[in-house]
Ligand code: L34
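Residue numbers (my numbering): 52 to 343.
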């Protein structure tokens, strides 16, 4: 079993980006600038956004964190988005999800200028991705592709089962892995809560991507020997023995699955850090594109 080390790989990618940023600065070019909008006080969201800000420092980007109360109206949020759309110093920005219930997420994502949409969530960019045209790939699926590429995990002709059909992971992941690309050319099955006899699919899979948000959902008896397992889930469970009061569980029951796997991502230290590295990559791309 080989651990797909997202922490180490993301550190390598950030070093590569830092070199590019240093070059830009040497040439007297503008420093890439990422902004993030964080609405409300959700603990996990705060952790992820803080990690994004820290990553910006690490690679040499400027960053701006816009923190808004969870009582903000949709109209006010749209107006904050418009400020970032029109601020020429901001190369790219994200609106951290999830948003409070009273705000229409789709409306918000559609308000982001597609040229600054470094999450790749705007329908224009989702369309481009689907057509395999150059665009910002959503960071989590892109991070998974990058991890598979750097560990030379073969995907061509493989049976991939994606569990979960979210717009940020399951759906784009299934599209990307089926495309003609370096990491791609797979035969992809997308499964979800209405799938009958899920195990029949996962037992046949060469690669399983688990992104449904149920702690320890995928068990050892659901996969075959030699399977490649990508665990996207992160659930916080109370743990009084921990300093912060919780520990993190993935969607994979690691103890039973890992012994059967050829490659597997840990949680934490797998897909999460890769998501952040790919956001940095997209931000650099946004900067370079606005030069052209
Ligand atoms: N707009 N919303 C927008 N873009 C995104 O790309 C995200 N996502 C998901 C949630 N909402 C979003 C993230 O940033 C998930 N996500 C994310 C990012 C980073 C990490 C996990 C999820 C991460 O760094 N995870 C660490 C553990 C962090 C902890 O201590 O809780 C890990 O090692 O997995």
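The beta carbon of each residue, even a glycine, is placed where N, CA and C say it ideally should be.
Verify the contact flag: residue i, CB atom, against every heavy atom of the ligand L34, threshold strictly below 7 angstroms.
i, result
"residue 191", "yes"
"residue 326", "yes"
"residue 263", "no"
"residue 223", "no"
"residue 95", "yes"
"residue 319", "yes"
"residue 230", "no"
"residue 299", "yes"
"residue 148", "yes"
"residue 316", "no"
"residue 121", "no"
"residue 106", "no"
"residue 323", "yes"
"residue 380", "Absent from the model: residue 380. The displayed extent of the chain is 52 to 343, so no value can be given."
"residue 241", "no"
Using only CA atoms, which one of the options lies nearest to residue i?
i, options, result
"residue 282", "302, 271, 153", "302"
"residue 211", "197, 188, 239", "239"
"residue 141", "167, 121, 94", "167"
"residue 165", "143, 153, 151", "143"
"residue 276", "237, 255, 226", "255"
"residue 339", "71, 58, 59", "71"
"residue 55", "284, 197, 172, 262", "197"
"residue 270", "310, 220, 246, 128", "310"
"residue 185", "169, 95, 289", "169"
"residue 52", "306, 262, 130", "306"
"residue 321", "290, 343, 280, 298", "280"
"residue 103", "284, 332, 266", "332"
"residue 62", "328, 92, 146", "328"
"residue 313", "204, 209, 245", "204"
"residue 115", "122, 153, 105, 121", "105"
List the whole-angstrom C-beta distance separating residue i from residue j, where the pair is believed to meet the contact cut-off of C-beta under 8 angstroms.
i, j, result
"residue 234", "residue 259", "Rounded, the Cβ-Cβ distance is 16 angstroms, inconsistent with contact."
"residue 111", "residue 326", "In fact, because the Cβ distance is near 20 angstroms, the residues do not count as touching under 8 angstroms."
"residue 253", "residue 273", "5 angstroms"
"residue 207", "residue 236", "4 angstroms"
"residue 159", "residue 135", "Incorrect: roughly 12 angstroms between the Cβ atoms, too far for contact."
"residue 220", "residue 192", "6 angstroms"
Would you say residue i touches the ligand NAD, meaning its beta carbon is less than 7 angstroms from a heavy atom?
i, result
"residue 272", "With respect to the ligand NAD, the structure shown offers nothing to examine, as its ligands consist of the ligand L34."
*List in chain order: all unbroken alpha helix (DSSP H) runs of 4+ residues lying wholly within the region 157 to 231.*
Secondary structure in the region 157 to 231: the alpha helix (DSSP H) runs of 4 residues or longer, each lying completely within the stretch, are 174 to 181, 190 to 201, 221 to 229 in chain order.
*Give, in chain order, every unbroken run of the beta strand (DSSP E) that is at least 3 residues long and sits entirely within the region 274 to 341.*
Runs of the beta strand (DSSP E) inside the region 274 to 341: 278 to 282, 286 to 289, 297 to 300, 312 to 315.
_Any alpha helix (DSSP H) of 4 or more consecutive residues that is wholly inside the region 68 to 149_ = Taking only runs of at least 4 residues, the alpha helix (DSSP H) segments lying wholly in the region 68 to 149 are 94 to 110, 125 to 137.
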